[in-house]
């Protein structure tokens, strides 16, 4: 009898992606350009603009290297250490404020400035906690960048894979946009077709519609706390 390795946390599927959802991301992204004037949301943007812009695959490689280090040292770091280790790295590679805005879509405009900032902060902490929880051990895995596919609107899809010695390869693709501050991730696709943002967009829209903003923030905080408790 063949025994398959248990499914790692990073393989938990999200919402299936489609070309329609790609178009939705691009549409919202263009709207952000028009409304904001510039696509700079990071506190380090002014510094980043003075530096040489790293290509998208270099940004993803730095993320992969960080994840691999964290996986190999997961037990010693524990959840809090993994979270603290990842926070500055994900904030550099991901454009978390833009991702939060894409998740809310047109509902973003219904929030006041304080609510928008709270949503960005909560979304960012949840994203970091999610990755710290998912990549919680190492069993010989390695990372590989397989291709960079040009898209439209200064966007590319960086195709990567997690190679597992005793199990199937896992494909993780990063949708990246070239901002004023450089290339940043704006969505993640597991197994080529499961969109992280589409999952959250469906979930957040439902909570906002039925229960309101404060209920959404409580839900986000509860998930962050659950990850921390699980370790």
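In this note's numbering, the protein residues as written are 1 to 231. For glycine and all other residues, C-beta sits at the position ideal for the given N, C-alpha and C. Since the structure is predicted, the reported quantities are computational estimates derived from the model, not experimental observations.
Beta bridge counterpart(s) of residue i as assigned by DSSP
i	result
residue 142	163
residue 182	179
residue 190	172, 194
residue 157	149, 175
Own chain partners of residue i with C-beta closer than 6 Å, once the 5 adjacent residues on each side are dropped
i	result
residue 213	115
residue 62	none
residue 86	128, 131, 132
residue 91	none
residue 165	140
residue 67	135
residue 227	129, 133
Cβ neighbours of residue i in the same chain (closer than 7 Å, five flanking residues each side left out)
i	result
residue 217	118, 122
residue 1	For residue 1, the predicted structure reports a pLDDT of 41, less than 50, and the residue's modelled location is therefore unreliable. A value from the coordinates is still provided. Closer than 7 Å at Cβ, skipping near neighbours: no residue.
residue 219	207
residue 148	56, 57, 156, 158
residue 231	78, 79
residue 44	Bear in mind that a pLDDT of 45 at residue 44, under 50, signals an unreliable position, so the number given afterwards is only what the model happens to contain. Correct list: empty, nothing qualifies.
Sub-8 Å separation of residue i and residue j beta-carbons
i	j	result
residue 120	residue 88	no
residue 145	residue 57	yes
residue 94	residue 211	no
residue 154	residue 173	no
residue 234	residue 175	Absent from the structure is residue 234, since the part of the chain shown begins at 1 and ends at 231.
residue 125	residue 53	no
residue 200	residue 60	no
residue 142	residue 163	yes
Close beta carbons around residue i, own chain, < 8 Å, minus the five adjacent residues each side
i	result
residue 70	77, 82, 85, 86, 132, 135
residue 72	138
residue 113	none
residue 109	none
residue 37	Since pLDDT at residue 37 reaches only 39, below the 50 mark, its modelled position is unreliable, and the value read off the structure follows with that caveat. Once the five neighbours on either side are set aside, residue 37 has no close Cβ partner at all.
residue 169	161, 162, 163
Enclosing alpha helix (DSSP H) for residue i [first to last residue]
i	result
residue 218	213-230
Start-end ranges of the alpha helix (DSSP H) lying completely within the stretch 36-120, minimum 4 residues: Correct list: 45-49, 56-72, 74-93, 96-104.
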